[in-house]
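Here's the structure we're looking at; comments come further down.
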Amino acid sequence: MNPVVDIDICIGCGNCMEICPSVFQVMDEKCKVIDPEACEFFECCEAAEENCPVEAITLEE
Ligand code: SF4
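Residue numbering for the sequence shown follows my numbering, beginning at 12 and increasing consecutively.
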């Protein structure tokens, strides 16, 4: 599972980083995927996707 963030949509709210800090990091009000492979270990990416208020996160297979 590969998490992708559409930074054109992201509003930098920080929800994803709070839920899944190993994978997502917000800097300068935009989210960045810092370790996509961590999705396999921490199983928090789906919750991060569901809690993004603007649906900027996509989980690619
Ligand atoms: S939850 Fe969505 S809008 Fe908020 S920082 Fe993460 S990707 Fe951006």
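For glycine and all other residues, C-beta sits at the position ideal for the given N, C-alpha and C. Note that the coordinates shown come from a computational prediction; the quantities given were computed from them, not determined experimentally.
8 Å contact criterion, which valine 53 and cysteine 31 should meet: CB distance rounded: The residue asked about is misnamed: residue 53 is phenylalanine in this sequence, not valine. Between cysteine 31 and phenylalanine 53 the Cβ distance is about 7 Å, and since that is below 8 Å, they are a contact.
Residue range of the alpha helix (DSSP H) that includes asparagine 26: 26-30
Give the DSSP bridge partners of proline 14, in chain order. Leu70
Ordered along the chain, which non-local residues of its own chain (more than five positions away) have a Cβ less than 6 Å from that of cysteine 5? Residue 5 is absent from the structure shown; the chain starts at 12 and stops at 72.
Is DSSP giving cysteine 55 helix, strand or coil here? coil
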